[in-house]
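Throughout, this note's numbering is defined as the position within the sequence shown, counted from one, plus 727. Glycine is no exception: its CB is placed at the ideal position from the N, C-alpha and C atoms. For reference, the structure is listed below as structure tokens.
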Amino acid sequence: MNIYVSRSLQTFRGAIIYNFSYSSLIIPSLNKTILLNKFTVAKPRLISSLCNISCSLTFDLIRRFDYKYRYRFYTINKTKIAIEPNEWLTLSFYSFNLNVQLSLEKLRENMLNKLEEMGLVGRIYIATEGINAQVSCPKEKIVDLRKYCDDELNLKGTEFNFSTYHVKAFRKLHVKIKKQIVADRLESGSYDLSKQPVYLTPEEWHEALSNSKELSILIDMRNQYESEVGYFVNSIRPDVDTFRDSIKAMNEICEGKQNEKIYMYCTGGIRCSKAGAILLSNGFKSVYMLKGGITAYGRFVLENPSITSLYKGRNFTFDKRLGEPITNDVVSQCHTCGKPCGTHTNCRNKTCNLLFIQCEECKTRLKRTCGTDFCFQLVHTWDEKYGRSSTFDDVKPGLECVYDHIHRTRPRLVIKRLGGTTANISTDIIPDIIKQKDKQTKE
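Have a look at this one:
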């Protein structure tokens, strides 16, 4: 049996293929095998309504094609419904020593093939200087991932840094080629990455900060929107938006202090590995970093409930969780109303996409928007038309984001001073946006 995949809704022997490819494609089918996309896999009730049997979708294989999308084969079994793995492990790993024979382009293709077979989702950056990965892995595939990293990426000894809060934190897998895995924009050769700081385990870090008699320099190497919701007590938290700015701030803080002890931390350790190398390359003697970052310290706190955490609040993460709790302390405020709150969100209107802190009350009242007239009215009209108010789906009106990254991570500036990222967009264009959406839906 051949399966023809096209834009239109089609059914074949009880299977549904829906809106999968921009171009028609004929694929020879295996026995009892159907081709499904992420929309139908996420809707088992739709599948069940078209089948006369109780079916299970079991992962069989992934085969790549030279098209915009990748296609997955699933097998129908007469058992229970099992759409995807029940348990996920969220983790990160990095290395500044990526010793492989493949070019970066070939390596990217190899990683996409192998990791998609394992069912991984996440974000991986590769560059000549190394690899930086944040992924969610099906629990039953973690051994396969370890073997692949050891055997094919030559990453033996590179530790997997597991989160304290495990979910499927990404929608799909991205492997991107970058100039640097952590962008500093410094001149090539201006520092030596082999000069690494002293790595302190979470237990050693906790003891060092608890028993330090002299006033040490403790620097948070993250961005201001990360440290806003959580930080180590007595740390210096630079008001920066990028790692490049963090390096400048670090140099200013440490100027003339080459003989003093410098402690630094970040989310998972990678930024401190590079920042510490920069300091050591410029004559500093004693630089210490938290091995595994706040993520590892969070595990330490969780595994040792008798200790008092020196970190307060949440650990911001660059995935759909937007953070994981380390302690129950709330150290930040809702950017909309000012009440204590430590939870980030993005404005539902993707034209705005403002990253800000919003309490549950304001999230409900403002439909998870930043509150500007255009964002609120667009989302309100969208929900009335398509009935999505309860699910808080993102609204994508097809307009370019009106502000750059820096503005989108400065909510107080945007909301209070500029009137919101969409303050200059008239609500008069909302009917046209809805018409365009209806037209796309019909097509």
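Cα atoms of V1106 and T1078: separation of roughly 11 Å, rounded to the nearest angstrom. Annotation: the continuous beta strand (DSSP E) that includes D947 extends over I944 to D947.
Taking the CA atoms as reference points, D911 sits about 14 Å from N950.
A straight-line Cα-Cα distance of about 14 Å links E1087 and V1057. Distance from the CA of T891 to the CA of F1043, rounded to the nearest whole angstrom, comes to 12 Å.
Excluding the 5 residues flanking it on each side, L1093 has same chain C-beta neighbours closer than 8 Å at T1063, Q1085 and F1103, in chain order. In the structure shown, the three-state DSSP call for Q1060 is strand.
Residue state for C864 is assigned as strand, using DSSP reduced to three classes. Separation of P965 and E979 (C-alpha to C-alpha, rounded to the nearest whole angstrom) is 10 Å. Secondary structure at F820: strand, using DSSP grouped into helix, strand and coil.
Per DSSP, the beta-bridge partners of N859 are Y821 and Y852. Taking a C-beta distance under 9 Å as the contact criterion, L1037 and S937 qualify as a contact pair. The criterion of a C-beta distance shorter than 9 Å is not satisfied by I1161 and K1123.
The secondary-structure analysis by DSSP pairs I869 with nothing; it has no beta-bridge partner. Listed in chain order, the beta strand (DSSP E) runs fully inside the segment 957-994 are 957-959 and 988-992, counting runs of at least 3 residues. In this structure, K905 sits away from Y821, with a CB-CB distance that is not shorter than 9 Å. The beta carbon of A896 lies closer than 6 Å to those of T817, S863, D1046, K1047 and R1048 in the same chain, with the five residues before and after it left out. Looking from the CA of C1089, the closest CA among C1074, I908 and K1001 belongs to C1074. Under the Cβ criterion (8 Å, minimum of three pairs), the segment 970-986 does not count as touching the segment 918-938. CA-to-CA, the gap between A1004 and A1023 works out to about 21 Å. A Cβ-Cβ distance of about 5 Å is found for the pair T994 and G1020, placing them in contact under the 8 Å criterion. Rounded to the nearest whole angstrom, the C-alpha separation of G1025 and G1040 is 11 Å.
Checking the DSSP bridge columns, you'll see P1052 partnered with R1041. Residue environment for H901: exposed (fewer than 16 other C-beta atoms within 10 angstroms of its C-beta). In the three-state DSSP reduction, H893 falls in the coil class, being neither helix nor strand. With 16 or more other CB atoms across the displayed protein chains lying within 10 angstroms of its CB, T885 is buried.
With a 10 Å radius around the Cβ and a threshold of 16 neighbouring Cβ atoms, N1031 comes out exposed. Of all alpha-carbon atoms in C1097, K874 and S921, the one lying nearest the alpha-carbon of E856 is that of S921. Put simply, of K866, N824, N813 and L880 the residue whose alpha carbon is nearest the alpha carbon of M838 is L880. Here DSSP, grouped into helix, strand and coil, assigns N938 to helix. Between the alpha carbons of N986 and K1001 lies a gap of roughly 19 Å. K868 places its beta carbon less than 9 Å from that of L847. Beta-bridge pairing by DSSP links I1084 to H1071. For A854 and H893, the gap between their C-alpha atoms comes out near 27 Å.
Listed in chain order, the non-local C-beta contacts of L882 below 7 Å within the same chain comprise S822 and C876, local neighbours out to five positions each way being set aside.
Relative to P924, the option among L1081, V1028, K874 and V1014 whose CA is nearest is V1014.
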